[in-house]
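As structure tokens, the structure follows; a few thoughts come after it.
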Amino acid sequence: MSGGPLPVRGTLGFEQLVPAALAHRRGLAEVYVADTAVVGSAEYLAAVQVPRAHSLWFDRLVAYHDPFSAVEAVRQALLVVGQRHLGVPADAPASLQRMTFAVEDLSAFRDSEREPFEGIVRLRPGAASTERGYYREVSFDATLTVRGALAVTVRGSGITFPRDAYDEFRELQQDTRAALAPTATPAVRRLPPELVGRRDPRNVVLARTTAQELVLVVDRSHPSFFDHQYDHVPGPLLLEAFRQAAVLSATAAGLLDSPVAAVLDLAAQFTDFAELDVPIICTTAAVGDAELDEITVEVALHQYGKRIALAHVELAHYPATRERQENTGS
């Protein structure tokens, strides 16, 4: 894309954002959906744009937009389309259970350093099933195109609750878990940002305990992960933990030359809500072939002594990173 701004792409506009409440966000800078449209009987489009100077997504060490910002844009598109076009109540809580994310063209994320990262989400919701009126299980299939090129594919499923049912369920769950909470929380030391490919310490979501366990940092003052208050650890924070743990593990195993790496593929399962005030332990197992750039890390999150989430993360060097290292002989 070159020249001046193009405010309209076909029938979709990029001139203003949707109301923040539709994207379940509080801060206007945290809203990425500009417009939506219906395509046929079972497809929807959303125009999305990520701010260039975003405190989380611009915190990177390579001239590529963060592929995880595309995942967040798709997540918001699902919420907006659900309310605008599918009759999902505005206050209906949603819980992601399974998700796969694949970068189809890494070059689509190159940063021109002149324009924001924007594109078109094409969303195909699956059929919804209802369990005794208590929740609705829904699936989705989404793609993001950037300048006409297919950039990512995101697929997944989750459940939406009626607000009253969700509040009742979570109150009972938290009351049951209260007796299981540890009496003392171990002291932690947040990892240096350079170990996980970040510059800003605020965006580091992992720490070591005095026993050298890897644990999640749940910083409720973070302006993006906690744009508003939650009664559990939000999904985007868990995804970032998967990414940072995978990078840390692959670098330590010698599979990555540096923690400046791209996530090419991620498959995750979430089996329970992660509570805010109880330590979440992170374990990893890295496998792969550094010469072939085949690097996969299994990351598991544990709370109350049981696994609550599992992901397989495929990593790769950014082309510019590898070229720069080869040219400098490092």
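The numbering used here numbers the first residue of the sequence shown as 4 and each following residue consecutively. In this text, a Cβ means the ideal position worked out from N, Cα and C, and glycines have one as well.
- Using a Cβ distance threshold of 8 Å, Asp-230 and Glu-33 count as a contacting pair.
- Of the candidates Arg-139, Thr-163, Met-102, Pro-54, the residue whose Cα lies closest to the Cα of Ala-95 is Thr-163.
- Taking a cut-off of 8 Å on C-beta distances, the stretch 53-69 touches the stretch 193-204, as three or more cross pairs fall below it.
- Ranked by how close their Cα comes to the Cα of Val-207, the residues Ala-181, Arg-192, Gln-215, Ala-184 have Arg-192 in first place.
- Counting C-beta pairs with one atom in each stretch, the stretch 249-262 and the stretch 292-306 have three or more that are closer than 8 Å, which means they touch.
- With fewer than 16 neighbouring CB atoms inside 10 Å of its own CB, Thr-186 falls in the exposed class.
- A straight line joining the alpha-carbon of Val-124 with that of Ala-190 spans about 42 Å.
- Classified as exposed, Gln-19 has fewer than 16 neighbouring CB atoms from the shown chains inside 10 Å of its CB.
- Residues Ala-105, Glu-317 of the same chain have their beta carbon placed closer than 6 Å to that of Asp-268, with the five preceding and five following residues left out of the count.
- A straight-line Cα-Cα distance of about 16 Å links Val-141 and Thr-274.
- In the structure shown, Leu-259 adopts coil according to DSSP, grouped into three states.
- In the assembly as shown, Pro-195 is an exposed residue. Its beta-carbon has fewer than 16 other beta-carbons within 10 Å.
- Secondary structure at His-88: helix, using DSSP grouped into helix, strand and coil.
- Residue state for Thr-186 is assigned as coil, using DSSP reduced to three classes.
- Look at Phe-112 here: in three-state DSSP terms it is helix.
- Contact annotation: Gln-272 and Arg-139 have beta-carbon atoms that are not nearer than 8 Å.
- Relative to the Cα of Ala-182, the nearest Cα in the group Tyr-307, Val-77, Pro-22 belongs to Tyr-307.
- Rounded to the nearest whole angstrom, the C-alpha separation of Ser-44 and Ser-224 is 42 Å.
- Counting along the chain, the unbroken alpha helix (DSSP H) around Arg-180 starts and ends at 166-181.
- Taking a contact as a CB-CB distance under 8 Å, the pair Ala-319 and Ala-264 counts as one, their CB atoms being some 7 Å apart.
- Three or more beta-carbon pairs separated by less than 8 Å link the stretch 275-288 to the stretch 212-228, which places the two stretches in contact.
- Here Glu-297 carries a strand assignment [DSSP, helix/strand/coil].
- Taken atom to atom, the span from the alpha-carbon of Val-91 to that of Leu-259 is near 43 Å.
- Distances from the alpha-carbon of Leu-31 to those of Gln-79, Tyr-47, Ala-40, Gly-16 put Gln-79 closest.
- Proximity to Arg-180 across Asp-38, Tyr-35, Lys-309, Leu-313 peaks at Lys-309, based on C-alpha coordinates.
- In the structure shown, Thr-274 falls within a coil segment according to DSSP collapsed to helix, strand and coil.
- Leu-15 and Val-51 have their C-alpha atoms spaced approximately 10 Å apart.
- Of the candidates Ala-256, Ala-111, Ala-184, Arg-55, Ala-256 places its Cα closest to the Cα of Val-290.
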